[in-house]
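Novice:
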Amino acid sequence: GQSLEQPSEVTAVEGAIVQINCTYQTSGFYGLSWYQQHDGGAPTFLSYNGLDGLEETGRFSSFLSRSDSYGYLLLQELQMKDSASYFCAVRGAGTALIFGKGTTLSVSS
Amino acid sequence: DAGVIQSPRHEVTEMGQEVTLRCKPISGHNSLFWYRQTMMRGLELLIYFNNNVPIDDSGMPEDRFSAKMPNASFSTLKIQPSEPRDSAVYFCASSPTGHYGYTFGSGTRLTVV
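Going down the list, the sequences are from chains A and B.
Read in our numbering, the first sequence has 142 at position 26, and its numbers run on one by one without any break.
Read in our numbering, the second sequence has 281 at position 109, and its numbers run on one by one without any break.
1. Establish whether the CB of Y262 of chain B and some CB of chain A are separated by less than 7 Å.
2. In three-state DSSP terms, what is K250 of chain B?
3. Candidates A:S183, A:Y188 and A:I133: which alpha carbon is nearest T142 of chain A's?
4. Count the CB pairs spanning the region 145-163 of chain A and the region 190-210 of chain A that are closer than 8 Å, and state whether there are at least three.
5. Assess, as a yes-or-no matter, whether the region 156-171 of chain A is touched by the region 272-282 of chain B under the definition of 3 or more beta carbon pairs within less than 8 Å.
6. As a quick exercise: from B:P226, B:I177, B:P233 and B:S245, pick the residue whose alpha carbon is nearest that of E216 of chain B.
7. Quick check: the region 200-208 of chain B against the region 233-250 of chain B, are there 3 or more CB pairs under 8 Å?
8. Can you tell me the Cα-Cα spacing of F179 of chain A and N165 of chain A, whole angstroms?
9. Count the other CB atoms, across all protein chains shown, that sit within 10 Å of the CB of D155 of chain A; report buried if there are 16 or more and exposed otherwise.
10. Provide the residue span of the beta strand (DSSP E) that contains Q101 of chain A, from first to last.
11. Determine the chain A residues that contact L282 of chain B at a beta-carbon separation under 7 Å, and present them in chain order.
12. Am I right that Y188 of chain A and I133 of chain A are in contact with their C-beta atoms under 8 Å? What's the rounded C-beta distance?
13. Leaving out five residues on either side along the sequence, give the residues of the same chain with a beta carbon under 7 Å from the beta carbon of V126 of chain A.
14. Over what stretch of residues does the beta strand (DSSP E) that includes R194 of chain B continue unbroken?
15. I'd like to confirm the pairing. Which residues does DSSP put opposite V284 of chain B in its beta bridges?
16. List, from N- to C-terminal side, the beta strand (DSSP E) runs of 3 residues or more that fit wholly inside the region 127-176 of chain A.
17. Could you tell me the alpha carbon to alpha carbon distance between H182 of chain B and R281 of chain B, rounded to whole angstroms?
18. Run the CB neighbour count on D198 of chain A, radius 10 Å, all protein chains shown included, and call it buried at 16 or more, exposed below.
19. Strictly below 8 Å CB to CB, what residues from chain A border G200 of chain B?
20. Taking just the CA atoms, how far does D258 of chain B sit from F205 of chain B?
21. G147 of chain A touches chain B at which residues, Cβ-Cβ below 8 Å?
22. On the DSSP bridge list, what partners appear for E121 of chain A?
23. Please tell me whether F205 of chain B has its Cβ less than 7 Å away from any Cβ of chain A.
24. Hey, could you find the ends of the beta strand (DSSP E) R204 of chain B is sitting in?
Quick look at the structure:
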């Protein structure tokens, strides 16, 4: 089966940089994804890492190390609107995405 | 595209009643997923379909839950009979087959009293 671990909460101030870590266990590995969910909203896709290394999309970057079964989401130049829950997710063989429990990010001014 | 469309947005029902949640995936997306979200258990995969065929229903909690996809543009998740512990937000999502980015609907908030 699959399991993922990520911190439950992270706090930061506007303009700062925050890193949300994710470790995973899965039988078969087809990449690590990140999703954002605002309160009362739906999860929205942020990024995907299929190979080791860093992927950058604007203020957000995501990193993967398959040998360590580890990845992170890096958010730079934090804004109040970045306050949300962030989920890492993996897809194993023959199944759909399995999500971590989520990390609640609170950005203060 | 209107995105993934779910109905109803909110449903309040009494214990023992049948509940049917509906989903219209994005046109051209061959994979459809049903997830349930609660504070305690997070986002749980219930079932997913590929080309209208159920591929993995191991997340369906009990026989009270059933899902169908009669065609490429419509899916239902049915709970019969409903129980208070079924209260949650139910999300439908779709994607092209094998794609890593899912598009989620707005969800159905189900409350069973």
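The beta carbon of each residue, even a glycine, is placed where N, CA and C say it ideally should be.
Specialist: In terms of the structure at hand:
1. What you label residue 262 of chain B is simply residue 90 of the second sequence in a count that begins at 1. No, Y262 of chain B does not count as interfacial toward chain A.
2. Taking the second sequence and counting its residues from 1, the one referred to as residue 250 of chain B is at position 78. In this structure, K250 of chain B counts as strand in the three-state DSSP scheme.
3. Counting from one through the first sequence, the residue named residue 142 of chain A turns up at place 26. For the residues A:S183, A:Y188 and A:I133, the minimum Cα distance to T142 of chain A belongs to A:S183.
4. yes
5. yes
6. Counted from its first residue, the second sequence places residue 216 of chain B at position 44. The option with the nearest alpha carbon to E216 of chain B is B:P233.
7. yes
8. On the first sequence, residue 179 of chain A is found 63 positions in, with the first residue counted as 1. On the first sequence, residue 165 of chain A is found 49 positions in, with the first residue counted as 1. Straight-line Cα distance between these residues: approximately 7 Å.
9. Stepping through the first sequence from its first residue, residue 155 of chain A is reached at position 39. With fewer than 16 other Cβ atoms within 10 Å, it is exposed.
10. Given a span of 117 to 225 for chain A in the structure shown, any question on residue 101 of chain A remains unanswerable.
11. As a first step, residue 282 of chain B must be located in the second sequence, where it is residue number 110. Within 7 Å Cβ-Cβ: nothing; L282 of chain B doesn't reach chain A, min ~15 Å.
12. For the purposes of this step, residue 188 of chain A is taken as residue 72 along the first sequence, with counting starting at 1. For the purposes of this step, residue 133 of chain A is taken as residue 17 along the first sequence, with counting starting at 1. 12 Å between Cβ atoms; not a contact.
13. Counted from its first residue, the first sequence places residue 126 of chain A at position 10. Excluding sequence neighbours, V126 of chain A sits near V134, I136, T219 and L221.
14. What you label residue 194 of chain B is simply residue 22 of the second sequence in a count that begins at 1. Its beta strand (DSSP E) spans residues V191 to K196.
15. Numbered from its first residue, the second sequence carries residue 284 of chain B at position 112. In the DSSP output, where bridge partners are listed per residue, V284 of chain B has B:T185.
16. 134-141, 148-153, 160-165 and 169-173
17. Here residue 182 of chain B is taken as the residue at index 10 of the second sequence, counted from 1. Here residue 281 of chain B is taken as the residue at index 109 of the second sequence, counted from 1. Rounded to whole angstroms, H182 of chain B to R281 of chain B spans 5 Å at the Cα level.
18. As a working note, residue 198 of chain A is residue 82 in the first sequence. Label assigned to D198 of chain A: buried.
19. Your numbering for residue 200 of chain B matches position 28 in the second sequence. By Cβ distance, chain A contributes nothing, its closest Cβ being about 17 Å from G200 of chain B, past 8 Å.
20. For the purposes of this step, residue 205 of chain B is identified with residue 33 of the second sequence, where counting begins at 1. For the purposes of this step, residue 258 of chain B is identified with residue 86 of the second sequence, where counting begins at 1. Computed Cα separation, rounded: 18 Å.
21. By 1-based counting over the first sequence, the position of residue 147 of chain A is 31. Correct list: Y272.
22. On the first sequence, position 5 is the one that residue 121 of chain A refers to. Per DSSP, A:T139.
23. As a first step, residue 205 of chain B is located in the second sequence; it is residue number 33 there, counting from the start. For F205 of chain B, the answer is yes, since a Cβ of chain A falls inside 7 Å of its Cβ.
24. Counting from one through the second sequence, the residue named residue 204 of chain B turns up at place 32. Reading off the sequence shown, one finds Leu at residue 204 of chain B, where the question assumed Arg. Segment S203 to T210, the beta strand (DSSP E) holding L204 of chain B.
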